[in-house]
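Residue numbers for the sequence shown follow our numbering, so the first one is 160 and each next one is one higher. Note that CB positions come from ideal geometry on N, CA and C, so glycine has one too. Only one structure is covered here, and it is reproduced in the block below.
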Amino acid sequence: MFRPCIDIHEGKVKQIVGGTLGDTGLRTNFVSEKSAAWFAELYQRDGLAGGHVIMLGAGNEIAARSALAAFPGGLQVGGGMDASNAPGWLDAGASHVIVTSWVFRGGRVDWERLGDLGKAIGKDRLVLDLSCRKRGGEYFVVTDRWQKFTELVLQAETLEKFSQFCAEFLIHAVDVEGLSQGIDLELVEKLGRWTPVSTTYAGGANSFADLETVTQLGQGKVDLTIGSALDIFGGRGVKYDDCVRFNRRQK
């Protein structure tokens, strides 16, 4: 299935090369003249629930809240989430809260914090962002704008354990995110074998065929987010309307 996205940076909807997020040489592929709420209304019109709104840094809350208000219960939200502010985002209209860096401290999982999140919003409203980069043949979870490697390696046991605390996973293949040069087939295939819960993969998609490939390789458990290659984000590789039709056929 196709999952839409709304990435917000400095209050605007953008497409950014993921690996450059914390760099002074930030690379931006696209800046929209349309608001975050406009995209949310589009997704609601086309029945595309389950997409994610990601706040990339500070100063994006107003835009994010406007998107959630435009599609109540239809979008997940992430960016700077913790146990104290997560309930407020659910109240603002998010279906789920996406959390990543806050559950890691010093490169390790803070299980107490993860437990606090569950108490604050419930397992069924939590999405864990386990975005990763490859090093030494293995995929390590990265945090803090995808710049810091944790000690956590993605594998079947990892996903099985984390699935006890959340409803879904969101996993960006950071090394290919925003490059529109193809998906990480190895990672998608592994996620299809490993994940016990619904998982959204993002990173590198550059053709409609990628949507069909992820659906097949992911064994029906892995959905695909398409960013920079999508025509509504200035891309030429994938037509948004084709993705909408694909989802309708799957249903």
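- [ ] Report yes if the CB atom of residue 284 is closer than 8 Å to the CB atom of residue 249, and no otherwise.
- [x] yes
- [ ] Below 8 Å on the Cβ atoms is my guess for residue 286 versus residue 297; work out the distance and round it to an integer in Å.
- [x] About 23 Å separates the two Cβ atoms, so there is no contact after all.
Task: Residues bridged to residue 249 [DSSP beta-bridge criterion] - done: Per DSSP, none; premise fails for residue 249.
- [ ] Please go through the segment 373 to 400 and give each complete beta strand (DSSP E) segment of 3 or more residues, from N-terminal end onward.
- [x] 381 to 384
Open item on the list: Once the 5 residues before and after residue 366 are set aside, which same chain residues still bring their CB inside 6 Å of it?
Closed with: 396
Task: Pair within 8 Å by beta-carbon distance, residue 377 and residue 351 - done: The answer is yes: Cβ separation under 8 Å.
- [ ] Report the option in 245, 206, 278, 200 whose CA atom is closest to the CA atom of residue 220.
- [x] 245
- [ ] Using alpha carbons as the reference points, say which of 226, 278, 401 lies closest to residue 170.
- [x] 226
Task: Cα-Cα separation between residue 299 and residue 381, rounded to whole angstroms - done: A direct Cα-to-Cα measurement between residue 299 and residue 381 gives close to 19 Å.
Open item on the list: Are the CB atoms of residue 355 and residue 387 within a distance shorter than 8 Å?
Closed with: no
- [ ] Scan the segment 293 to 376 and note each continuous beta strand (DSSP E) run of 3 residues or more that stays entirely inside, going in chain order.
- [x] 297 to 302, 307 to 312, 327 to 331, 358 to 361, all fully within the segment 293 to 376.
TODO: Could you tell me whether the Cβ atoms of residue 237 and residue 268 are closer together than 8 Å?
DONE: no
- [ ] Just list the beta strand (DSSP E) runs in the segment 160 to 243, keeping only unbroken ones of 3 residues or longer that don't cross its boundaries, in chain order.
- [x] 164 to 168, 171 to 175, 187 to 190, 210 to 214, 234 to 237
Open item on the list: Do residue 242 and residue 276 have their beta-carbon atoms positioned less than 8 Å apart in this structure?
Closed with: yes
Task: Other residues of its chain near residue 206: CB distance less than 7 Å, five sequence neighbours each side excluded - done: none
Task: residue 203 to residue 162 span [Cα, whole Å] - done: If I take the Cα positions, the gap works out to 12 Å.
Open item on the list: Less than 8 Å between the C-beta atoms of residue 364 and residue 342, yes or no?
Closed with: The answer is yes: Cβ separation under 8 Å.
Task: Status (buried if at least 16 other CB within 10 Å, exposed otherwise) for residue 336 - done: buried
Open item on the list: Let me confirm a value: residue 281 is counted as buried when at least 16 other C-beta atoms fall within 10 Å, else exposed. Which label applies?
Closed with: exposed
Open item on the list: Can you give me the C-alpha to C-alpha distance between residue 426 and residue 222, rounded to a whole angstrom?
Closed with: What the structure shows of the chain is the stretch from 160 to 410, and residue 426 is not part of that stretch, so it cannot be assessed.
Task: Integer-rounded CB distance, given that residue 331 should sit under 8 Å from residue 368 - done: No, residue 368 and residue 331 are not in contact; Cβ-Cβ is about 20 Å, not under 8 Å.
Task: residue 384 versus residue 165: straight-line alpha-carbon distance, rounded - done: 10 Å
Task: As assigned by DSSP and simplified to three states, the class of residue 288 - done: strand
Open item on the list: Distance check for residue 308 and residue 232, CA to CA, integer angstroms please.
Closed with: Going from the Cα of residue 232 to the Cα of residue 308 covers about 33 Å.
Open item on the list: Just to confirm the assignment, what range does the alpha helix (DSSP H) spanning residue 269 have?
Closed with: Segment: none, residue 269 is in no alpha helix (DSSP H) and carries neither H nor E.
- [ ] Using the Cα positions of residue 373 and residue 173, report the straight-line distance between them to the nearest angstrom.
- [x] Cα atoms of residue 373 and residue 173: separation of roughly 24 Å, rounded to the nearest angstrom.
Open item on the list: How far does the beta strand (DSSP E) with residue 256 in it extend, from its first residue to its last?
Closed with: 255 to 258
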